[in-house]
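In this text, residue positions in the sequence shown follow my numbering: the first is 6, and each later residue adds one. Scroll down for the structure; my scribbles are underneath it.
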Amino acid sequence: MAGRPARPGGTVMRADDARRAIMRAIRENLARGESSPPGPLSVVSSPPDPLSLRAGSSPPDPLSAMRRGGTTGESRSPSPEGRGGQGVRTQGSQGVRTRFTEELAAAGAQCTVVCGAAEAGRALARTLAGVHARRVVGSDAPLVQRLLHALGDGFVLEPLDRLSRDELFACDAGVTTAQWGIAETGTLVLESAREKSRLLSLVPPTHVVLLSAGCICESLGDALARVSVASHAITLITGPSRTSDIELTPVVGVHGPQTLHVLLLEEA
């Protein structure tokens with residue numbers, strides 16, 4: 006009787022029996038979870054502020070602490086820029102960062118490494134000018150707002166909270182931060198609990214992302230273990246928007262930004 010799983014002992018389990026067994030296992034696991042201490046996903050690790058980390062500082066890794074039994078799993082309030090230095094030590098070695106930038110390029114994104122607020126501001130201005138962006142909208146992240154208001158003449162800063170959808174579509178570029186980067190795929194992770202960034206990462210034809218070099222994780226699993234449970238939405242971005250027709254002819258920018266530029270912020 007092909008297609009039916011066998012019970013231990015060789016008897017055949019019917020589909021209804023299998024379904025009930027699966028649901029029973031799910032309920033039992035959920036019941037155990039209510040009385041168990043929170044797992045790694047309940048630890049909210051705030052990314053460090055890339056422009057305020059002290060040289061040589063290495064924030065503790067909550068996953069390593071949990072393995073050593075050194076944390077209770079209590080959640081901390083998410084912060085767009087990780088105020089207080091409550092970051093994590095990722096596998097942010099030079100090799101992992103190099104792989105991240107290589108995968109970014111392979112996905113069609115551009116990356117500029119900057120050091121300090123002044124250099125980040127100059128790089129942002131060059132990036133926006135390079136794509137002829139005039140109308141620019143930024144997220145509510147304090148770092149983004151600081152850099153945008155330091156741009157000077159030549160740009161029109163649109164207030165996100167007062168923009169209609171039609172006005173947002175008329176913007177040339179959106180500027181956000183990313184909370185994490187994933188080296189193995191060159192992917193950016195944006196959390197809704199950190200800032201208002203979702204529409205900005207999807208609608209304008211150019212998306213500029215500010216990412217701390219200390220927040221690059223090696224794999225998707227490492228990044229998800231650090232994501233805030235308070236986020237209602239998590240956006241994963243790998244390169245500019247791509248699509249293709251039935252003949253598999255790729256087209257860039259149909260369903261999202263045509264250009265993705267990452268400013269990778271090193272410690273000053």
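In this text, a Cβ means the ideal position worked out from N, Cα and C, and glycines have one as well.
> How big is the Cα-Cα spacing for C220 and Q184?
Replying inline: 7 Å
> So does the region 242-261 actually touch the region 104-120, counting three or more Cβ pairs closer than 8 Å?
Replying inline: yes
> What's the gap between the Cα of R88 and the Cα of D22?
Replying inline: Note on R88: pLDDT 34, under 50, position unreliable in the model; no value is reported.
> Hey, how far is the Cα of V286 from the Cα of T103?
Replying inline: No answer is possible for residue 286: it lies beyond the span of the chain, which begins at 6 and ends at 273.
> Do you know offhand how far S82's Cα is from Q150's?
Replying inline: At S82, the pLDDT of 34 sits below 50, so the modelled position is not reliable; the number obtained from the coordinates is stated separately. Going from the Cα of S82 to the Cα of Q150 covers about 21 Å.
>> Give me the residue from T240, S169, A26 and A125 with the minimum Cα distance to L268.
In response: A125
> Residue ranges of each alpha helix (DSSP H) run of no fewer than 4 residues wholly in the region 95-139, ordered along the chain?
Replying inline: 99-111 and 121-135
> Which residues mark the beginning and the end of the beta strand (DSSP E) in which G179 is found?
Replying inline: A178 to T182
>> Quick check: the Cα distance between G143 and P262, rounded to an integer number of angstroms?
In response: 15 Å
>> Taking the alpha-carbon of V213 as reference, which of I27, A128 and E172 has the nearest alpha-carbon?
In response: A128
> Which ranges does the beta strand (DSSP E) cover as unbroken runs of at least 3 residues, wholly within the region 178-221, from first to last along the chain?
Replying inline: 178-182, 185-187, 192-196 and 211-217
> Which value, in whole angstroms, describes the spacing of the CA atoms of G179 and S206?
Replying inline: 6 Å
>> So Q216 and L270 are supposed to be a Cβ contact under 8 Å. How far apart are they, rounded?
In response: Residue identity check: residue 216 is Leu in the sequence provided, not Gln. Right, the Cβ-Cβ distance comes to about 7 Å (below 8 Å), so this counts as a contact.
>> In whole angstroms, give me the CA-to-CA distance for V136 and A123.
In response: 21 Å
> Can you name the start and end residues of the alpha helix (DSSP H) that R170 belongs to?
Replying inline: R170 to F174
>> Using only the alpha-carbon positions, how far apart do G159 and L152 sit?
In response: 14 Å
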